[in-house]
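Structure record follows, encoded as structure tokens.
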Amino acid sequence: MNPQLPLFPESASTLSPEVDALFIAWSAVSVFFTLLIACLILYFMVRYRRRSVDEVGLEEKSALWLEIAWSAIPLVIALAMFVWGTRVFFKLYRPPADAVEYYSVGKQWMWKFQHPDGHREINALHIPVGQPIKLKLTSEDVIHSFYVPAFRVKQDALPGRYTQVWFQATKPGTYHLFCAEYCGGEHSRMIGSIIVLEPRQYEEWLAGGPAGKSVVASGAELFNQLACQTCHVAAPNRPARGPALKGLFGSQVKIASGEMVIADDNYVRESILNPGTKLVAGYDPIMPTYQGQVSEEQLLQLISYIKSLAGDGGTQAPAEAPKP
Amino acid sequence: MNDTGMTTTPADTTVLPGPETGYERPNYLNAAYGLRSWLLTRDHKRIAILYLISVTVFFAIGGLFALLIRLELLTPEGDMVQPDTYNRLFTMHGIVMVFFFLIPAIPAVLGNFLVPLMIGAKDLAFPKLNLASWYVYNVAGLFTLWSIAHGGVDTGWTFYTPFSTHYSNTYVISAALGIFISGFSSIFTGLNFIVTIHRMRAPGMTWFRLPLFIWSHYATSLIIVLGTPVVAVTILMVAAERVLHLGIFDPALGGDPVLFQHLFWFYSHPAVYIMILPAMGVVSELVAAFSRKPVFGYKVVAFASIGIAVLGFLVWGHHMFVAGESVYIATVFSVLSMLVAIPSAVKVFNWTATLYEGSVSYQTPMLYALGFIGLFTLGGLTGVMVATLGIDAHVHDTYFIVAHFHYIMVGGTIMGYMGGLHYWWPKITGKLYPAFLSRLAALLIFVGFNLTFFPQFILGYLGMPRRYWSYPPEFQVLNVLSTAGASILGVGYILPLFYFIWSMRYGKKSGDNPWGAVGLEWDTPSPPPTENFHTIPVVTHGPYEYNTKEVHDRTSPPEARVG
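Protein chains in written order, with the numbering used here: chain A, 14 to 337; chain B, 575 to 1137.
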């Protein structure tokens, strides 16, 4: 038998101390109330024990002030903890602006990762210490959940849409990566490691592996392979038949129903796979579906490429006006 | 022994022969003999016994699965069963325990037996519907057992999509149909309770003279009737997608997988209150009876049950904090989940305050009630912890959650069920069980339970995910402790099975009211006659009038009390 008996998890991200402080505070409250109830029960059991078979309890005294007190005090504590917990949660789920985007696709039963420069890994992710990292997640099949206990974060990877999680490691080391959402047969083997390196070591690690194309470059190549430019890029002799993609990402788009939607990851994904669902106002539904023709990784590359076209004008409206 | 002709007693008989004369009074057990008289009975008390047998069988099956799970987890490597087998074990453990034990246990056994007795009625409003609910429950159980016999189902009791609708190669449909059908049995029981409590109270039994057991069963029945149809429809949608490939949940077919979670938890979170509210009702009765005092803040405790039933429908989203739910909606569900904890906390304080200046006895049922209060307090507090967003991000889907809901469901519901069974056993059978052995069993269950599930809180915060067949070696020591605790817990559960059966034949006669308790159910012989009361009682006082000595002495002559 393994003799180790850890009682508290390793802490290796900027936010884990905050989660731990919240947890320790709540534990203290819980221990206090559990002991309070236990001690009162034990004291009353002894103090008011039945002394004869026909003994009865004393008259009940009504005590409205007590009812109010023991409703209000737990309520105040719970609300205070709610506010504290929500602040921590917002920090956990809102990545800082300078976070670097990495990609992950879960499938039965492995985690596939891609670095921004194109490096790929399976069931392991090397990251530099101190760098905020935003991981864009999706799944090829069922729901999985990306969970790194040492970072105190968890995010489900859902098929058919993107979710994201972010973290900033504080010390080099190797940490558990678990799939936390039950995903079938080998769920407990869908595990791996997050390897946190010093920035220089990370650079060396990147240099050591086979240099692939960056994610954006792969997306650009795919864009041409799939001939997306025939419709989405205006040629000198004819106007574009599809909406222009420059400056699209992050902007507001008016769709055929008259609604305004934000062109985010999930919108671009849907427009590639099911172009008719949220057709841009003023365009004909001529785009074919790419469902089944591009893999999850290729979709991520295409979206990254389209995102790269946003440039600084990402929040502006599309440059070209829809055709009349 | 009298023959079946002795089923009626003149209603005006005031002096009945006592048990000591050797003449057995007509009661619901000796009213008729033979299998037919049981299988076609419409007597709520006999149906309660039928349910007692059925839920005990399912508890044993669910417990066997738990045993195998704990044995597999003794070592970090998955070395006892294959991963596919393990996945089926925890799935079947969850399905059997939740839908075939925890949900029906207290309402269908104790509720069936006691709701008419406590309100002074001759039976439930719809006796045939009541019998039908038992048959429907067993048909549902057969579907589930059929799936088990054919190799089981591996989706987890939560049936998350698209795994359940597309990827699982097991008997999802038959297991889900079992749950679908069992829902009807719950609805029949819930409907019966609501109508009975509204329409069949004895003269003078006003709402605020109802025992708290009745209040909590009323609240549970409301949840059953309003919530169960939602899970039924959800199961039909899973079946429609799995069989007919209608795109509802599977994104490959244009569906939304998280929609399933919303629908599922819209029922299954309130279902937690279906399980715990009846246990709270039992504990209220026990604490009053074994302190010989009215429950402190009766109205507050009664309304807390209704408050829990209502708020319980508004918190389902706390199961999806990390499932891609917007952070803003997560905030709303978090604060609502904090609010639903307050009525539960208030109940704990009121029970504790009931002991104050009481006459506290340590009979076996009271040990369960006090155990319930302690374990439910810890289960409830950890529940509010996981409702706190910043903590849930880390502990969601880990053993922390497993520990938390076992403290509520096992530490709460099963402690309440066992306490209730020990308290009303003399009423049900007219016999006493061994006092020392039953106290020992209660102690074993309390110690075994804590040893099983407390280490899981630590495991969860360390990061061990739930539903893992193998795990990293540093988690082993805590898992070994947990398995050791489970074996003690198992012994604790097996003991009552033996001494209860033993007591039916060899137990001392209990008399009508061995605990010296007040309440209409103690105002009639033990076991009660088929029609419950020889004359319909007229109620003139509240449910816990221990302080009015003539009320107390009338129902319970001191010389007949055992403690």
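Idealized CB from N, CA, C, for every residue including glycine.
Quick caveat: nothing in here was measured; it's all calculated off a predicted structure.
Who are the near neighbours of L1069 (chain B) in its chain, counting only those whose CB is closer than 6 Å to its CB and skipping five residues on each side? On the second sequence, position 495 is the one that residue 1069 (chain B) refers to. Excluding sequence neighbours, L1069 (chain B) sits near A1015.
Limits of the unbroken beta strand (DSSP E) element including T151 (chain A): What you label residue 151 (chain A) is simply residue 138 of the first sequence in a count that begins at 1. Counting along the chain, the unbroken beta strand (DSSP E) around T151 (chain A) starts and ends at I146 to S152.
If you draw a straight line from the alpha carbon of I771 (chain B) to that of L698 (chain B), how long is it in whole angstroms? Taking the first residue of the second sequence as position 1, residue 771 (chain B) is located at position 197. Taking the first residue of the second sequence as position 1, residue 698 (chain B) is located at position 124. In a straight line, the C-alpha of I771 (chain B) is about 9 Å away from that of L698 (chain B).
So is the beta-carbon of E153 (chain A) under 6 Å away from any non-hydrogen atom of the ligand FAD? In terms of ligand content, the structure shown is empty, and the ligand FAD therefore cannot be addressed.
Less than 7 Å between CB atoms is the rule here; does D277 (chain A) satisfy it with respect to chain B? Within the first sequence, numbered from 1, the residue matching residue 277 (chain A) stands at position 264. Not closer than 7 Å to any Cβ of chain B, the Cβ of D277 (chain A) fails to qualify, so no.
Using the Cα positions of E594 (chain B) and Y942 (chain B), report the straight-line distance between them to the nearest angstrom. Position 20 of the second sequence, counting from 1, holds the residue named residue 594 (chain B). Position 368 of the second sequence, counting from 1, holds the residue named residue 942 (chain B). Since pLDDT at E594 (chain B) reaches only 49, below the 50 mark, its modelled position is unreliable, and the value read off the structure follows with that caveat. Linking E594 (chain B) to Y942 (chain B) through their CA atoms gives a straight-line distance of about 30 Å.
Below 8 Å, how does it come out for the stretch 601 to 614 of chain B and the stretch 681 to 695 of chain B: are there three or more Cβ pairs, yes or no? Segment contact: the stretch 601 to 614 of chain B against the stretch 681 to 695 of chain B, fewer than three CB-CB distances shorter than 8 Å; contact not assigned.
DSSP-derived helix/strand/coil call for P249 (chain A): What you label residue 249 (chain A) is simply residue 236 of the first sequence in a count that begins at 1. Three-state result, P249 (chain A): coil.
Is the stretch 820 to 840 of chain B in contact with the stretch 739 to 753 of chain B, if contact means three or more CB pairs nearer than 8 Å? Look at the beta carbons and you see the stretch 820 to 840 of chain B touching the stretch 739 to 753 of chain B: at least three pairs across the two are nearer than 8 Å.
Buried or exposed, going by whether 16 or more other CB atoms sit within 10 Å of the CB of N250 (chain A)? Here the question's residue 250 (chain A) lines up with position 237 in the first sequence. Exposed is the call here.
Which whole runs of the alpha helix (DSSP H) in the stretch 162 to 235 of chain A are 4 residues long or more, in chain order? Listed in chain order, the complete alpha helix (DSSP H) runs (minimum 4 residues) inside the stretch 162 to 235 of chain A are 212 to 221.
What does DSSP give as the partner residue(s) for V934 (chain B) in the beta ladder? Looking up residue 934 (chain B) in the second sequence gives position 360. Beta-bridge pairing links V934 (chain B) to A:R62.
V32 (chain A) and H968 (chain B) look like a contact to me (Cβ under 8 Å); what is the Cβ gap, rounded to whole Å? Walking along the first sequence from the start, residue 32 (chain A) turns up at place 19. Walking along the second sequence from the start, residue 968 (chain B) turns up at place 394. H968 (chain B) and V32 (chain A) do touch by the CB rule: their CB atoms are close to 6 Å apart, below 8 Å.
Could you check whether the Cβ of T665 (chain B) sits closer than 7 Å to any Cβ belonging to chain A? On the second sequence, residue 665 (chain B) is found 91 positions in, with the first residue counted as 1. The beta-carbon of T665 (chain B) is placed no less than 7 Å from the nearest beta-carbon of chain A.
In chain order, what residues of the same chain lie with their CB nearer than 7 Å to the CB of F907 (chain B), ignoring the 5 residues before and after it? Numbered from 1 along the second sequence, position 333 holds the residue referred to as residue 907 (chain B). Excluding positions up to five away in sequence, the list reads V889, G891 and H892.
Quick one: give me the first and last residue of the alpha helix (DSSP H) that W97 (chain A) is part of. In the first sequence, counting from the first residue as 1, residue 97 (chain A) sits at position 84. For W97 (chain A), the enclosing alpha helix (DSSP H) begins and ends at L77 to Y106.
From B:H996, B:A1091 and B:Y1035, residue whose alpha carbon lies closest to that of S1077 (chain B): For the purposes of this step, residue 1077 (chain B) is identified with residue 503 of the second sequence, where counting begins at 1. For S1077 (chain B), the nearest C-alpha among the options comes from B:H996.
Let me see if you follow: with CB-CB separation under 7 Å, is H970 (chain B) close to chain A or not? Taking the first residue of the second sequence as position 1, residue 970 (chain B) is located at position 396. Taking 7 Å as the CB threshold, H970 (chain B) lines the interface with chain A.
Using only CA atoms, which one of B:A904, B:V984 and B:S865 lies nearest to L936 (chain B)? The count along the second sequence starts at 1 and reaches residue 936 (chain B) at position 362. The sequence given here places Tyr at residue 936 (chain B); Leu does not occur at that position. When only C-alpha atoms are compared, the closest one is B:S865.
Express the C-alpha separation of D617 (chain B) and P1117 (chain B) in angstroms, rounding to a whole number. Stepping through the second sequence from its first residue, residue 1117 (chain B) is reached at position 543. Stepping through the second sequence from its first residue, residue 617 (chain B) is reached at position 43. When rounded, the distance between both Cα atoms is 24 Å.
So, under 8 Å CB-CB, L315 (chain A) and G232 (chain A) are touching, yes? Tell me the CB distance rounded to an integer number of Å. Taking the first residue of the first sequence as position 1, residue 315 (chain A) is located at position 302. Taking the first residue of the first sequence as position 1, residue 232 (chain A) is located at position 219. Approximately 5 Å separates the beta-carbon atoms of L315 (chain A) and G232 (chain A); this is inside 8 Å, confirming the contact.
Establish whether the CB of N1121 (chain B) and some CB of chain A are separated by less than 7 Å. Within the second sequence, numbered from 1, the residue matching residue 1121 (chain B) stands at position 547. It does; some Cβ of chain A falls within 7 Å.
Of all the CB atoms in chain B, is at least one closer than 7 Å to the CB of A330 (chain A)? For the purposes of this step, residue 330 (chain A) is taken as the residue at position 317 of the first sequence. Because the pLDDT of A330 (chain A) is 38, which lies under 50, any placement of that residue in the model is unreliable, and the number read from its coordinates should be weighed accordingly. Not one chain B Cβ lies under 7 Å of A330 (chain A).
Does the separation of the CB atoms of K120 (chain A) and D154 (chain A) fall below 7 Å? On the first sequence, position 107 is the one that residue 120 (chain A) refers to. On the first sequence, position 141 is the one that residue 154 (chain A) refers to. Going by C-beta atoms, K120 (chain A) is nearer than 7 Å to D154 (chain A).
The stretch 34 to 52 of chain A contacting the stretch 1088 to 1099 of chain B, beta-carbon criterion three pairs below 8 Å: Contact between the stretch 34 to 52 of chain A and the stretch 1088 to 1099 of chain B is absent: fewer than 3 CB-CB pairs across the two stretches fall below 8 Å.
For S721 (chain B) and A749 (chain B), which I take to be in contact (beta-carbon distance under 8 Å), what is that distance rounded to the nearest angstrom? What you label residue 721 (chain B) is simply residue 147 of the second sequence in a count that begins at 1. What you label residue 749 (chain B) is simply residue 175 of the second sequence in a count that begins at 1. Right, the Cβ-Cβ distance comes to about 4 Å (below 8 Å), so this counts as a contact.
What do you get for P212 (chain A), buried or exposed, if any count of 16 or more other CB atoms within 10 angstroms of its CB means buried? Taking the first residue of the first sequence as 1, we reach residue 212 (chain A) at position 199. The residue in question, P212 (chain A), is exposed, as its Cβ has fewer than 16 Cβ neighbours within 10 Å.
Using a Cβ cut-off of 7 Å (strictly closer), state whether R783 (chain B) contacts chain A. Residue mapping note: residue 783 (chain B) aligns to position 209 of the second sequence, counting from 1. No, R783 (chain B) does not count as interfacial toward chain A.
Option in A:P252, A:L79, A:I208 and A:W179 with minimal Cα separation from E134 (chain A): Taking the first residue of the first sequence as 1, we reach residue 134 (chain A) at position 121. Sorting A:P252, A:L79, A:I208 and A:W179 by C-alpha distance to the C-alpha of E134 (chain A) places A:I208 at the top.
If we ignore side chains and look at the alpha-carbon of each, how far apart do V914 (chain B) and A38 (chain A) end up? Locating residue 914 (chain B) in the second sequence gives position 340, where the first residue counts as 1. Locating residue 38 (chain A) in the first sequence gives position 25, where the first residue counts as 1. Distance between the alpha carbons of V914 (chain B) and A38 (chain A) is about 21 Å.
Helix, strand or coil: how does DSSP classify S26 (chain A) here? Position 13 of the first sequence, counting from 1, holds the residue named residue 26 (chain A). S26 (chain A): strand per DSSP, three-state reduction.
Any chain B beta carbon closer than 7 Å to W83 (chain A): Position 70 of the first sequence, counting from 1, holds the residue named residue 83 (chain A). Chain B contact via Cβ: present.
I need the boundaries of the alpha helix (DSSP H) containing H139 (chain A), first residue and last residue. Position 126 of the first sequence, counted from the first residue, corresponds to residue 139 (chain A). It is not in any alpha helix (DSSP H) - H139 (chain A) instead sits in the beta strand (DSSP E) that spans A137 to P141.
Could you check whether I916 (chain B) and L313 (chain A) sit closer than 7 Å to each other, using their CB atoms as the reference points? Walking along the first sequence from the start, residue 313 (chain A) turns up at place 300. Walking along the second sequence from the start, residue 916 (chain B) turns up at place 342. Their beta carbons are not under 7 Å apart, which means L313 (chain A) does not touch I916 (chain B) by this criterion.
Name the DSSP bridge partner or partners of V266 (chain A)? Here the question's residue 266 (chain A) lines up with position 253 in the first sequence. A:V274, per the DSSP bridge assignment.
Cβ pair A853 (chain B), T744 (chain B) closer than 7 Å: As a working note, residue 853 (chain B) is residue 279 in the second sequence. As a working note, residue 744 (chain B) is residue 170 in the second sequence. Contact: no.
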